[in-house]
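Okay, structure first, notes after.
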Amino acid sequence: MKKQYLDDSLALHTDLYQINMAETYWEDNVHERKAVFELFFRKLPFGNGYAVFAGLERVIDFLQNFHFSESDINYLRDDCGYKEDFLDYLKTVRFTGTVRSMKEGEIVFGNEPLIRIEAPLVEAQLIETAILNIVNYQTLIATKAARIKHVLGDATAMEFGTRRAQEMDAAIWGTRAAIIGGFDATSNVRAGKMFNIPIAGTHAHSMIQAYRDEYTAFHKYARRHKDCVFLVDTYNTLKSGVPNAIKVANELGDKINFKGVRLDSGDLAFLSKKVRKMLDEAGYPNTKIVASNDLDESTIMNLKQQGAQIDIWGIGTKLITAYDQPALGAVYKLVSIEDENETMLDTIKISGNPEKVTTPGLKRVYRIINRYTKKSEGDYITLEHEDPQNEEVLHMFHPVHTFISKYVRHFDAVDLHEIIFKDGKFVYELPSLQKIRSYTESQLHLLWDEYKRTLHPEEYPVDLSEACYQNKIDNIKLVKEKVETFIQEHSD
Ligand SMILES: Nc1ncnc2c1ncn2[C@@H]1O[C@H](COP(=O)(O)OP(=O)(O)OP(=O)(O)O)[C@@H](O)[C@H]1O
Ligand SMILES: O=P(O)(O)OC[C@H]1O[C@H](OP(=O)(O)OP(=O)(O)O)[C@H](O)[C@@H]1O
Ligand SMILES: O=C(O)c1cccnc1
Numbered sequence: 001m002k003k004q005y006l007d008d009s010l011a012l013h014t015d016l017y018q019i020n021m022a023e024t025y026w027e028d029n030v031h032e033r034k035a036v037f038e039l040f041f042r043k044l045p046f047g048n049g050y051a052v053f054a055g056l057e058r059v060i061d062f063l064q065n066f067h068f069s070e071s072d073i074n075y076l077r078d079d080c081g082y083k084e085d086f087l088d089y090l091k092t093v094r095f096t097g098t099v100r101s102m103k104e105g106e107i108v109f110g111n112e113p114l115i116r117i118e119a120p121l122v123e124a125q126l127i128e129t130a131i132l133n134i135v136n137y138q139t140l141i142a143t144k145a146a147r148i149k150h151v152l153g154d155a156t157a158m159e160f161g162t163r164r165a166q167e168m169d170a171a172i173w174g175t176r177a178a179i180i181g182g183f184d185a186t187s188n189v190r191a192g193k194m195f196n197i198p199i200a201g202t203h204a205h206s207m208i209q210a211y212r213d214e215y216t217a218f219h220k221y222a223r224r225h226k227d228c229v230f231l232v233d234t235y236n237t238l239k240s241g242v243p244n245a246i247k248v249a250n251e252l253g254d255k256i257n258f259k260g261v262r263l264d265s266g267d268l269a270f271l272s273k274k275v276r277k278m279l280d281e282a283g284y285p286n287t288k289i290v291a292s293n294d295l296d297e298s299t300i301m302n303l304k305q306q307g308a309q310i311d312i313w314g315i316g317t318k319l320i321t322a323y324d325q326p327a328l329g330a331v332y333k334l335v336s337i338e339d340e341n342e343t344m345l346d347t348i349k350i351s352g353n354p355e356k357v358t359t360p361g362l363k364r365v366y367r368i369i370n371r372y373t374k375k376s377e378g379d380y381i382t383l384e385h386e387d388p389q390n391e392e393v394l395h396m397f398h399p400v401h402t403f404i405s406k407y408v409r410h411f412d413a414v415d416l417h418e419i420i421f422k423d424g425k426f427v428y429e430l431p432s433l434q435k436i437r438s439y440t441e442s443q444l445h446l447l448w449d450e451y452k453r454t455l456h457p458e459e460y461p462v463d464l465s466e467a468c469y470q471n472k473i474d475n476i477k478l479v480k481e482k483v484e485t486f487i488q489e490h491s492d
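Taken in order, the sequence shown gives residues 1 to 492; the numbers are from this note's numbering.
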């Protein structure tokens, strides 16, 4: 029988090539060279005008606990064939780097370094896959949630997706991300316990089916559960479900708190208006109507346009699976590395597509906030040593189409990066989830509405400082000259 290993660490939650590169660096004795990687995405998801950064808390946990367990080492030896000398080295590897990152819940845009890792090359490489895995998913779901919440306004958004999520981790961390994006509560009890998220829920069709009739089911449920929301669409919403709910509420009166009804099929606009009228006329004007059934931001917008009388929206599949765009596409690129003389040299990755050419060097991201309007003028990426707050006038120009530019005065430049780890030591104070959620909300206020509309939003400026831009051009030149020389040397 094949040997079974304990699943007791996350160090092997990586791609094989990372371990092979680690072995190469280690054997060549360059593994300790200081390397700087930046994590960023290029294109905003869902055609949205911004994204909501999420995943930092899990990244921190991953880095704090990073080590190869005994079973990892045994597997790498016995099943993968790595040699003992390299495995002896791997046993000693921990994360010793410095990490700067956007705060969780930050409003972020394409091409901005969300996380910057400065670490020995081998460590920075070994953690890449897991970090991308975490941030790509959680940022995607937080962004989808924010899009949905934007359409909902002040109405309550409930996360209902666990049964449809891509397995358990996605349900749990997706729920947390949904809260960051503005959702109010979840039906997932474990997520409630783990993250102190408000939990809420109604009941399923199966309960009606189990009792065979709605009246009995509602009555039995109400005897034990205060705060009743009855699901009224199992047989016939208007002729049976709602009348039965009202009958039970009338009979039990103050013994229960009749909170409302849930609709899960049919024409939600038409039904919700009719149901509202029935509840009001029966003397229950304060009851709420909950709706669910494959909802997403466009269906919700449509329902609102039709005057749907829905107070609480339960959203599952389309949120938790990021149904219309299942991946974010964030990447992790080397921007600088130490050479044999211990000098840091910037590095670049060239592409035929100018938008895909990486921006070399250690960078910072500043949000440029107009002191009068209190709105953001855009984000400004600088090299590490620059401080835009020292400038009287800031020249902000498009990083590819440089003729698109503006001069900004009277601004505050807010550094968006926090220091999370310093030389392997955790130096950050983790905010509560509710604090993160409020932070997202407050940061959204900094954006003009044009960047926040769900359809064809304006492109938010993410510009490079002149020094950062020039450094990029110089690096492109250097690489081009190298390639030219190589071609000439090998042309005959
Ligand atoms: N008035 C409306 N305008 C636009 N979309 C609506 C409206 N009412 C419901 N919808 C949406 O239309 C879709 C209808 O789904 P579906 O075709 O499965 O019908 P259903 O009524 O849910 O039937 P079932 O009993 O099989 O669940 C859902 O995504 C729902 O949210
Ligand atoms: O539609 P979503 O956005 O994915 O929201 C979650 C769905 O899960 C439940 O349906 P399901 O048919 O699984 O169970 P039920 O019998 O309780 O309706 C619920 O009624 C929602 O329709
Ligand atoms: O509580 C509910 O109504 C609920 C929970 C999960 C999925 N659908 C509905």
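Just so it is clear, CB atoms sit at the ideal spot from N, CA and C, and this is done for glycine as well. Just so you know, these numbers come straight off a predicted model, no measurement behind them.
| Asked | Found |
| --- | --- |
| Is there at least one non-hydrogen atom of ligand 3 closer than 7 Å to the beta-carbon of Thr-202? | yes |
| Identify, in the order they occur along the chain, each residue of the same chain with its Cβ nearer than 8 Å to the Cβ of His-456, setting aside the five sequence neighbours on each side. | Gly-47 |
| Under a criterion of Cβ closer than 6 Å to any non-hydrogen atom of ligand 1, which residues qualify, in chain order? | Ser-265, Gly-266, Asp-267, Leu-268, Ala-269, Asn-293, Asp-294, Leu-295, Thr-299, Asn-302, Leu-303 and Gln-306 |
| Between the C-alpha atoms of Tyr-89 and Thr-96, what's the straight-line distance to the nearest angstrom? | 15 Å |
| Quick check on the DSSP output: what are the complete beta strand (DSSP E) runs of length 3 or more inside the stretch 159–232, in order along the chain? | 228–231 |
| Buried or exposed for Leu-16, please, with buried defined as at least 16 other CB atoms from any protein chain shown within 10 angstroms of its CB. | exposed |
| CB Thr-343 to CB Arg-364, shorter than 8 Å? | no |
| Just to confirm, is the Cβ distance from Phe-230 to Val-261 under 8 Å? | yes |
| Is DSSP giving Asp-280 helix, strand or coil here? | helix |
| Who pairs with Arg-364 in a beta bridge, going by DSSP? | Thr-382 |
| Can you tell which of Val-151, Gly-105 and Arg-224 has the C-alpha that lies nearest to the C-alpha of Leu-303? | Val-151 |
| Which of the three DSSP states, helix, strand or coil, is assigned to Lys-259? | strand |
| Does DSSP classify Pro-337 as helix, strand or coil? | For clarity, residue 337 is Ile in the given sequence; the question names Pro instead. If DSSP states are grouped into helix, strand and coil, Ile-337 belongs with the strands. |
| Hey, Gly-81 and Ala-142: beta-carbon distance below 8 Å or not? | no |
| Could you round the C-beta distance between Ile-60 and Phe-426 to whole angstroms and report it? I think they count as a contact, below 8 Å. | 7 Å |
| Which ranges does the alpha helix (DSSP H) cover as unbroken runs of at least 4 residues, wholly within the stretch 453–491, from first to last along the chain? | 466–489 |
| Looking only at C-alpha atoms, which of Arg-212, His-225 and Glu-340 sits nearest to Thr-202? | His-225 |
| Is the closest heavy atom of ligand 2 to the C-beta of Gly-314 under 7 Å? | yes |
| Measuring alpha carbon to alpha carbon, tell me which of Asn-136, His-205 and Glu-38 ends up nearest Trp-173. | Asn-136 |
| Is the beta carbon of Leu-132 less than 8 Å from the beta carbon of Ala-269? | no |
| Report all residues from its chain with a CB closer than 7 Å to the CB of Val-414; omit the five preceding and five following residues, and keep chain order. | Tyr-366, Arg-367 and Ile-369 |
| Considering just the uninterrupted stretch of the alpha helix (DSSP H) at Lys-34, what are its terminal residues? | Counting along the chain, Lys-34 falls outside any alpha helix (DSSP H), though it belongs to the beta strand (DSSP E) covering 34–40. |
| Given 7 Å as the limit, tell me if Ile-73 has its C-beta closer than that to any heavy atom belonging to ligand 4. | Of the ligands this structure carries, namely ligand 1, ligand 2 and ligand 3, none is ligand 4. |
| Where does Thr-156 fall in DSSP's three states? | strand |
| Just to confirm my understanding: we take Val-36, look at its own chain, exclude 5 residues before and 5 after, and list those with CB closer than 6 Å. What are they? | Glu-118, Val-335, Ser-336 and Leu-362 |
| Taking the DSSP output, what are the residues bridged to Met-21? | Answer is none; Met-21 lacks a bridge partner. |
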